Every structure is written in C-alpha cells, then in structure tokens.
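*Asks:* Following this message is one structure expressed as structure tokens.
Number of protein chains: 2
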Amino acid sequence: VRNVSVSSVGEFGLIERISNIVGPTSAVIGIGDDAAVIDRPGDFYLLAAVDMLVEGVHFRLATVEADELGRRAIEVNVSDIASMGGIPEYALVSLAMAPALRVSFVDDLYQGMVAAGRSHGAQIVGGNIASTEGPLIVDVTLFGSVAKGDLVTRVGAQIGDVLAVTGTLGDGAAARLLTDRGGSPPDPDLQSWIRRTRVPRARIVEGQALARAHLAHAMIDISDGLSGDVRHLCRASGVGAVLDERSLPISRGTAWASRELKLDPTEVALSGGEDYQLLVAMAEQDLSAAESLGVSLTVIGRVVPAARDIRALSENGSMRKLTGTGWEHF
Amino acid sequence: VRNVSVSSVGEFGLIERISNIVGPTSAVIGIGDDAAVIDRPGDFYLLAAVDMLVEGVHFRLATVEADELGRRAIEVNVSDIASMGGIPEYALVSLAMAPALRVSFVDDLYQGMVAAGRSHGAQIVGGNIASTEGPLIVDVTLFGSVAKGDLVTRVGAQIGDVLAVTGTLGDGAAARLLTDRGGSPPDPDLQSWIRRTRVPRARIVEGQALARAHLAHAMIDISDGLSGDVRHLCRASGVGAVLDERSLPISRGTAWASRELKLDPTEVALSGGEDYQLLVAMAEQDLSAAESLGVSLTVIGRVVPAARDIRALSENGSMRKLTGTGWEHF
Numbered sequence: 428v429r430n431v432s433v434s435s436v437g438e439f440g441l442i443e444r445i446s447n448i449v450g451p452t453s454a455v456i457g458i459g460d461d462a463a464v465i466d467r468p469g470d471f472y473l474l475a476a477v478d479m480l481v482e483g484v485h486f487r488l489a490t491v492e493a494d495e496l497g498r499r500a501i502e503v504n505v506s507d508i509a510s511m512g513g514i515p516e517y518a519l520v521s522l523a524m525a526p527a528l529r530v531s532f533v534d535d536l537y538q539g540m541v542a543a544g545r546s547h548g549a550q551i552v553g554g555n556i557a558s559t560e561g562p563l564i565v566d567v568t569l570f571g572s573v574a575k576g577d578l579v580t581r582v583g584a585q586i587g588d589v590l591a592v593t594g595t596l597g598d599g600a601a602a603r604l605l606t607d608r609g610g611s612p613p614d615p616d617l618q619s620w621i622r623r624t625r626v627p628r629a630r631i632v633e634g635q636a637l638a639r640a641h642l643a644h645a646m647i648d649i650s651d652g653l654s655g656d657v658r659h660l661c662r663a664s665g666v667g668a669v670l671d672e673r674s675l676p677i678s679r680g681t682a683w684a685s686r687e688l689k690l691d692p693t694e695v696a697l698s699g700g701e702d703y704q705l706l707v708a709m710a711e712q713d714l715s716a717a718e719s720l721g722v723s724l725t726v727i728g729r730v731v732p733a734a735r736d737i738r739a740l741s742e743n744g745s746m747r748k749l750t751g752t753g754w755e756h757f
Numbered sequence: 428v429r430n431v432s433v434s435s436v437g438e439f440g441l442i443e444r445i446s447n448i449v450g451p452t453s454a455v456i457g458i459g460d461d462a463a464v465i466d467r468p469g470d471f472y473l474l475a476a477v478d479m480l481v482e483g484v485h486f487r488l489a490t491v492e493a494d495e496l497g498r499r500a501i502e503v504n505v506s507d508i509a510s511m512g513g514i515p516e517y518a519l520v521s522l523a524m525a526p527a528l529r530v531s532f533v534d535d536l537y538q539g540m541v542a543a544g545r546s547h548g549a550q551i552v553g554g555n556i557a558s559t560e561g562p563l564i565v566d567v568t569l570f571g572s573v574a575k576g577d578l579v580t581r582v583g584a585q586i587g588d589v590l591a592v593t594g595t596l597g598d599g600a601a602a603r604l605l606t607d608r609g610g611s612p613p614d615p616d617l618q619s620w621i622r623r624t625r626v627p628r629a630r631i632v633e634g635q636a637l638a639r640a641h642l643a644h645a646m647i648d649i650s651d652g653l654s655g656d657v658r659h660l661c662r663a664s665g666v667g668a669v670l671d672e673r674s675l676p677i678s679r680g681t682a683w684a685s686r687e688l689k690l691d692p693t694e695v696a697l698s699g700g701e702d703y704q705l706l707v708a709m710a711e712q713d714l715s716a717a718e719s720l721g722v723s724l725t726v727i728g729r730v731v732p733a734a735r736d737i738r739a740l741s742e743n744g745s746m747r748k749l750t751g752t753g754w755e756h757f
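Chain order of the listed sequences is A and B.
With the first sequence counted from 1, adding 427 to any position gets you the numbering used here.
With the second sequence counted from 1, adding 427 to any position gets you the numbering used here.
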C-alpha cells in the first residue's frame, strides 16, 4: 500500500493509517472525533479542533467574499466544538497566501473571523502567516472547553435510539452548486436563502443545551454529508442505523435548487456535505425535553444492531443500502 | 493601504494590521509572541503555537526526506514553546496534499512527527487532511503549558542585560543554501554537520531550565534570523541593543559553507534564519548560574536604552546600524 497514491486509499483510509502510526495517547479522545479532548486539572476538559479551507477545493477566489470566507473558517471549527457539547474560546489562524493578494482581502477575512468568533464567544489569540504561490489556505485551530460530565462524543449511540438532526439538510451543497453554475433565483426569499447558506452557522447553542441536559448519547456535526457522518457515528458507537428518507428535513431553497440543477433533493440531503448541522443519537422519550430546551430536532432514523451497511427506507417504501460515504477529500 | 498587495506591507506590517483588527483579548499574551498564553484554573498557563511549512518556500519535494520534514514541522513549534519556558504536550496536524502524493510519504512524515514529538514528550492528538493541487502544506499547532510563575516572554529585557544565545548561528541557512546548490563536502565531519542541521533541534531543555531558575528576563527563538529577532525582542521590551559581531558563535560547518558560497559568515549568522536557537536577555551575573544548570550560552551583545536602530560592533571595531530585518515572508 505504501507505493500507491493517497487518492487510492481515500481520506478515511488515510486517517486510519495515520491513527495507527500515532498509536495510543494520553488524550481522552485523540484522532477520530470532531475535536481532541485533553484532560486538565479542574472541572473542564480542553477541546481542540482544526479545519482547513483550501482555495479551489472549499472556495473559489473569484466568487468568495473575504468576510464570508473568514466567518466560514470560524464556523466550521465552532461546529466541531458544538458536537462535543463544548464552549469555543480561543482561535489560532494560520494563513498561506500569495504575495500579490490585496491587503483589503486580508483585512476583510479577519473582520469576518473576528465577527464570527465574537458571536460565539471566541477570540483570535495567535497564528502564523506564510507566503505561497499556490492556493490560498485558511487553517483555523479552535480551542474550547466542556464540563467533564457533559462531554458528548461519537461513541455512545444505543440500539433503539432515534437519530435526529438540527435544521435542514443539503442547503450547503445546493447553494454551492447553484453559485458555481452562476445565475440568481428571481424569488427574494430564495436569494436570501442563498446568502444565508453561503456561511453556515454552527449549532453551538443546541450542542451545549443537549450536552448539559445529558440528552445526547452520541453526536457528530454533519460536515461530510449525512450518509457519511451517520456512518462515522455508527462505526464509532459499534451500531447500525436505518434512515427514513421520507423524513429528511429539506428546505424550500434546497428543493428549488435541486429542481433547477436536475438533482434528487433526497440525494442532495444525504450526501451534500457542508451542512454543519448536528446529528444526535438519543432516547425517543427525551425528544420533548430537547424541544422544551428550545432545540428543534427532526427524527430521521433509528439506531439498530451493528450491520455492515447503513440502510435507508426510500420514498417508495422499499429498503436500500446507503452506498454514499459522504464527502471525501481524495 | 487596503488596495496594495500584502508583499508591499510585509509580514510584520501585516501582523500589526491583523493585531489591530483583532483588538484586545482576554489572553495573557495574544498575537505578537512566539506562542499564545491562556489563563487556566490551577498553576499552569496553556501555551499554543502554530507554524506552517509550505512546499517551495520552506522545503522542496525533490530534496526533502518525508521523515525529516515531519521532524522539522514539530521542532519549529517546540522551539516556540521553548522560548516561553514551556513544556510541549499535544499537537494537531493539518495537511493539504495532492491526491497523487504517495502513501509512503505520508507514513514517513507522520513517523518523523511522532518521533520528534515523543523526544519532547508531545503527542499528536488530532488534525485535518485536505486535498489540493497546490503545494504540500504541513501546518502544526502545538500546545503545552508553563507554570504561571515561570512564564518568559519577549517583554522584560532590562537595560544593562547581556544578550546571549544557545548553540551556533547561521547553520540552518548555510546548510540550506549548500543543499540547494547541490554537491556534498568531502569532509565526513561536514557531511554529518549538514545532516544534523537539516532538522533543527529545539532548545526545550535550555528554555525550561532558564525559565524555572528565573534567569531569563526575556526570550525569543531565532527563527527569522538573529538581526530580526533581536529587533522583535527589543521592540517588545522597549529597549535597544548593541551586538558585537566578533563574538557571534559560528560553527566550523557554517564557516566552511560560507567560504564555499562566497558569503560573509557574519552576515549568514546575523540574517540567516531557521536556526531555532534561543536568544536570551539576562543579568550578566546570572551567566554562571545558567552554566551550572548545563545551559551553554554565548554573550553576543548588550541591552541599551531604546533607540531607532539595533547597532553592531563590526569585526574592524567600527559601529554600524543593523539594517537587516531578518527573514520576512513577503
């Protein structure tokens, strides 16, 4: 295997390989969850997450607004802290940029990061800048904390749990595909939907509420697409899942965009990626407690005994294997 | 200024701009030192540093060994923790790489990072991988801790202090320039010097010893070149400096390489960069205490009242202004 390319091993194959090389550590949670969890004296764990946005992969310089890119760079990391039930606190920002980049772009990028950070209570306290003739890279490391009794991870989903999600699914992908194609919808509601979805908003309040009330058995943020992230959560918990495709929450915007793009909105919701909603495994009887905390959830499936495949009940009532593994980088 | 390129503002101009946009934070030390310092309950501060290695800027794929690149990616960050008197603990590794990169390269890169981390007591606990068709990027965030009473920063150099450095200066630059030119020295001692200097070794033991014994008034790691880093330390401390060029510690290897490359070894030592030695401001009478702790230092100058320029006493006995600002990325 050593002589093949990383693309033939795939992102998650590579992560497994890296995890084996690194071996066991003294971290509470090391490689393999949304954020690393480090034990510290006192009542709180330290959380640390890193997420990189790469020009040409995650955004295009021609279409991105620097301020939006900055907000997004923070939000995707806050989302990783949210799924552990944590509180974001401090960020380090590492940039690689071309010498010819405008100062105004860097200004606006930081304005966006500062604004998004502030809205979540996080501050930028350091970083690094490097030059490159290659793509612009925005790499944010976010630190936070979580009360030791409140930590939620990917591990812990129990057979019989419901699987529920915040918000709607597929918006990130639908809006991106539409933007890449160019053109704007005539409906002002849809125009504002596109603007909103260009910058995801991490579900930090929901994540904390579910964690503090001890309602979530396991949690993950949906960054790779629902089908991939259901798989990640199930593998970590040693369980299986059956989804009900008829119950996937799909926004009016995603439905419209799917029609425009001639895509199946269910497929967009299942494998779109970049939604940054939370996927939660929890007891069915706790749904009303979540509701009363102000956390709106949609039940999309159920945890079943471990199986090789994630299954989904289709629109027509037939059961199929979910083959999508979600967004992979290679 | 907003409409010009980042290269015309320069790395340190850009950092100042970013620092203004970010504004004051609740961190003990935010942007502008080797590592961020965060207050935590208990006796220790949290330290966090990030350093990015970019293909084509910091290394070339054609000449780099993956294992060496990995060790270097860790060492340059450990050096940032060393200069604060800290203990490295946990690393997050963020990679951007081409789909065609060999798996063996990634394996060896991580083997190198794990080995270097282990030698300093630090573990890899997370990270991120992204694809890019651009240059390979290795971005490491390292966090650690320091006893609250032992923290050393760039601030605190006092007029009358001596300026002293660990090790020798210019080796990183001399070896890199020699490697880029190609060819190998006949002398086996010089060959082993090149191998050693390809991967810097962070002065973590020395940094901790000086900090714990409260011998260092101010400290910085020499990553941008001595003349630049003296300037950074002096500006932060609100003082000036006079260096004595005749006392700069220069290795036999750097002397030889400078001759081969037709460079002045003093210039290489002053502005080479990538040495990852420590520069310390301390009381002259504490030098023997440092020596008895096993910390070998060479006095290279003295702290004087604040002045616009850093001055240096040349080989011929005349005083000159040091114009070099050290390594800048733009």
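The beta-carbon is built from N, C-alpha and C at its ideal position, and this holds for glycine as well.
For clarity, every value in this text was computed on a predicted model and none was experimentally measured.
What do you get for S506 (chain B), buried or exposed, if any count of 16 or more other CB atoms within 10 angstroms of its CB means buried?
*Replies:* Residue mapping note: residue 506 (chain B) aligns to position 79 of the second sequence, counting from 1. Buried, by the Cβ-count rule.
*Asks:* Are A549 (chain A) and E495 (chain A) touching if we call contact CB-CB under 7 Å?
*Replies:* Counting from 1 along the first sequence, the entry for residue 549 (chain A) is found at position 122. Counting from 1 along the first sequence, the entry for residue 495 (chain A) is found at position 68. No.
*Asks:* Does the distance from the CB of S521 (chain B) to the CB of D598 (chain A) come in under 7 Å?
*Replies:* The sequence position of residue 521 (chain B) within the second sequence is 94, counting from 1. The sequence position of residue 598 (chain A) within the first sequence is 171, counting from 1. Not in contact: S521 (chain B) and D598 (chain A) (Cβ atoms no closer than 7 Å).
*Asks:* Nearest CA to the CA of I448 (chain A): which residue from B:D648, B:S531, B:I647, B:A574?
*Replies:* Translated into the one-based positions of the first sequence, residue 448 (chain A) becomes position 21. Out of B:D648, B:S531, B:I647, B:A574, B:S531 has the C-alpha closest to the C-alpha of I448 (chain A).
*Asks:* Mind pulling the chain A residues with CB within less than 7 Å of E560 (chain B)?
*Replies:* As a working note, residue 560 (chain B) is residue 133 in the second sequence. Here the neighbours are G483.
*Asks:* Quick one: which unbroken beta strand (DSSP E) runs of 3-plus residues sit fully inside the segment 471-523 of chain B? Chain order, please.
*Replies:* Segments of the beta strand (DSSP E) lying fully in the segment 471-523 of chain B: 471-481.
*Asks:* Considering only residues of the segment 566-628 of chain B, which uninterrupted beta strand (DSSP E) runs meet the minimum length of 3 residues and lie entirely inside it, listed in chain order?
*Replies:* As far as the segment 566-628 of chain B is concerned, its whole beta strand (DSSP E) runs of at least 3 residues are 589-593.
*Asks:* Under 7 Å between C-beta atoms, does G457 (chain B) make it to chain A?
*Replies:* Mapped onto the second sequence, residue 457 (chain B) falls at position 30. By this cut-off, G457 (chain B) is an interface position.
*Asks:* Between the beta-carbon of I564 (chain B) and the beta-carbon of I564 (chain A), is there less than 7 Å?
*Replies:* Numbered from its first residue, the second sequence carries residue 564 (chain B) at position 137. Numbered from its first residue, the first sequence carries residue 564 (chain A) at position 137. Contact: yes.
*Asks:* Could you have a look at V730 (chain A) and say whether DSSP puts it in helix, strand or coil?
*Replies:* Within the first sequence, numbered from 1, the residue matching residue 730 (chain A) stands at position 303. In this structure, V730 (chain A) counts as strand in the three-state DSSP scheme.
*Asks:* Could you spell out the range, first to last residue, of the beta strand (DSSP E) harbouring G561 (chain A)?
*Replies:* Counting from 1 along the first sequence, the entry for residue 561 (chain A) is found at position 134. Premise fails: G561 (chain A) is in no beta strand (DSSP E) and is neither H nor E.
*Asks:* Can you round the beta-carbon distance between A638 (chain A) and V573 (chain A) to whole angstroms, since I take them to be within the 8 Å contact cut?
*Replies:* Indexing the first sequence from 1 puts residue 638 (chain A) at position 211. Indexing the first sequence from 1 puts residue 573 (chain A) at position 146. Contact holds; Cβ gap of about 7 Å.
*Asks:* Measure from the C-beta of T568 (chain B) to each C-beta in chain A and report whether the shortest distance is under 7 Å.
*Replies:* Mapped onto the second sequence, residue 568 (chain B) falls at position 141. It does: the Cβ of T568 (chain B) has a partner Cβ on chain A nearer than 7 Å.
*Asks:* Which residue wins for smallest C-alpha separation from G512 (chain B), given the options B:M479, B:L705, B:L714?
*Replies:* As a first step, residue 512 (chain B) must be located in the second sequence, where it is residue number 85. Nearest of B:M479, B:L705, B:L714 to G512 (chain B), Cα basis: B:L705.
*Asks:* Determine the extent of the beta strand (DSSP E) in which I827 (chain B) is found, giving its start and end residues.
*Replies:* Residue 827 (chain B) is absent from the model: chain B starts at 428 and stops at 757.
*Asks:* From which residue to which residue does the beta strand (DSSP E) around A739 (chain A) run?
*Replies:* As a first step, residue 739 (chain A) must be located in the first sequence, where it is residue number 312. Start and end: 738-740.
*Asks:* Using the beta-carbon of each residue, which ones in chain B are nearer than 7 Å to E438 (chain A)?
*Replies:* Here the question's residue 438 (chain A) lines up with position 11 in the first sequence. Within 7 Å Cβ-Cβ: I556.
*Asks:* Please state the DSSP three-state secondary structure of T725 (chain A).
*Replies:* Counting from one through the first sequence, the residue named residue 725 (chain A) turns up at place 298. Of the three classes helix, strand and coil, the one that applies to T725 (chain A) here is strand, per DSSP.
*Asks:* Could you say which of B:A643, B:E492, B:A543, B:R529 lies nearest to L714 (chain B) if we only look at CA atoms?
*Replies:* In the second sequence, counting from the first residue as 1, residue 714 (chain B) sits at position 287. Minimum Cα distance to L714 (chain B) is reached at B:A643.
*Asks:* Specify the secondary structure class of D713 (chain B) as computed by DSSP and reduced to three states.
*Replies:* As a working mapping, residue 713 (chain B) is identified with position 286 in the second sequence. Helix at D713 (chain B).
*Asks:* Using only the alpha-carbon positions, how far apart do W620 (chain B) and D535 (chain B) sit?
*Replies:* If you number the second sequence from 1, residue 620 (chain B) lands on position 193. If you number the second sequence from 1, residue 535 (chain B) lands on position 108. Each residue's alpha carbon lies about 22 Å from the other.
*Asks:* What residues in the segment 588-621 of chain A bring their beta carbon closer than 9 Å to a beta carbon of chain B?
*Replies:* Correct list: empty, as no residue qualifies.
*Asks:* Nearest CA to the CA of A663 (chain A): which residue from A:I677, A:S650, A:M646?
*Replies:* Along the first sequence, read from residue 1 onward, the residue named residue 663 (chain A) stands at position 236. With distances taken between Cα atoms, A663 (chain A) lies closest to A:M646.
*Asks:* Between the alpha carbons of R673 (chain A) and G665 (chain A), how many angstroms are there, rounded?
*Replies:* Reading the first sequence from its first residue, position 246 is the one you call residue 673 (chain A). Reading the first sequence from its first residue, position 238 is the one you call residue 665 (chain A). Their Cα atoms are separated by approximately 25 Å.
*Asks:* Looking at chain A, which residues of the segment 471-499 of chain B have a Cβ within less than 9 Å of any of its Cβ atoms?
*Replies:* Per Cβ criterion, the list reads F471, L473, A475, A476, V477, D478, M479, L480, V481, E482, G483, V484, H485.
*Asks:* What are the boundary residues of the alpha helix (DSSP H) that R679 (chain A) is part of?
*Replies:* Translated into positions along the first sequence, residue 679 (chain A) becomes position 252. Unbroken alpha helix (DSSP H) run through R679 (chain A): 679-688.
*Asks:* Under a CB-based cut-off of 7 Å, is P526 (chain A) close to chain B?
*Replies:* Counting from 1 along the first sequence, the entry for residue 526 (chain A) is found at position 99. Taking Cβ atoms only, chain B reaches closer than 7 Å to P526 (chain A), which makes this a yes.
*Asks:* Starting from the C-beta of P562 (chain A), find all residues in its chain whose C-beta is less than 7 Å away, skip the five residues before and the five after it, and write them out in chain order.
*Replies:* In the first sequence, residue 562 (chain A) corresponds to position 135, counting from 1. Hits under 7 Å: V481, E482, G483.
*Asks:* Would you say A523 (chain B) reaches chain A, if we count a Cβ-Cβ gap shorter than 7 Å as a contact?
*Replies:* The sequence position of residue 523 (chain B) within the second sequence is 96, counting from 1. Closer than 7 Å: yes.
*Asks:* Mind checking T593 (chain B): buried by the 16 CB within 10 Å criterion, or exposed?
*Replies:* The residue labelled residue 593 (chain B) in the question sits at position 166 within the second sequence. Buried is the call here.
*Asks:* Let's see if you can read the secondary structure: which residues bound the alpha helix (DSSP H) around R735 (chain A)?
*Replies:* Taking the first sequence and counting its residues from 1, one reaches residue 735 (chain A) at position 308. Unbroken run through R735 (chain A): none, as it is neither H nor E.
*Asks:* For N555 (chain B), write down the residues that DSSP places opposite it in a beta bridge.
*Replies:* As a working mapping, residue 555 (chain B) is identified with position 128 in the second sequence. Its beta-bridge partners are B:S521.
*Asks:* Can you tell me whether L653 (chain B) is helix, strand or coil according to DSSP?
*Replies:* In the second sequence, residue 653 (chain B) corresponds to position 226, counting from 1. It is helical.
*Asks:* Alpha carbon to alpha carbon, what distance is there between I445 (chain B) and V552 (chain A)?
*Replies:* Counted from its first residue, the first sequence places residue 552 (chain A) at position 125. Counted from its first residue, the second sequence places residue 445 (chain B) at position 18. Going from the Cα of V552 (chain A) to the Cα of I445 (chain B) covers about 11 Å.
*Asks:* Put V530 (chain B) into one of helix, strand or coil per three-state DSSP.
*Replies:* As a position in the second sequence, residue 530 (chain B) is number 103, starting the count at 1. Of the three classes helix, strand and coil, the one that applies to V530 (chain B) here is helix, per DSSP.
*Asks:* Does any C-beta atom of chain B lie closer than 7 Å to the C-beta of L519 (chain A)?
*Replies:* Taking the first sequence and counting its residues from 1, one reaches residue 519 (chain A) at position 92. Chain B contact via Cβ: present.
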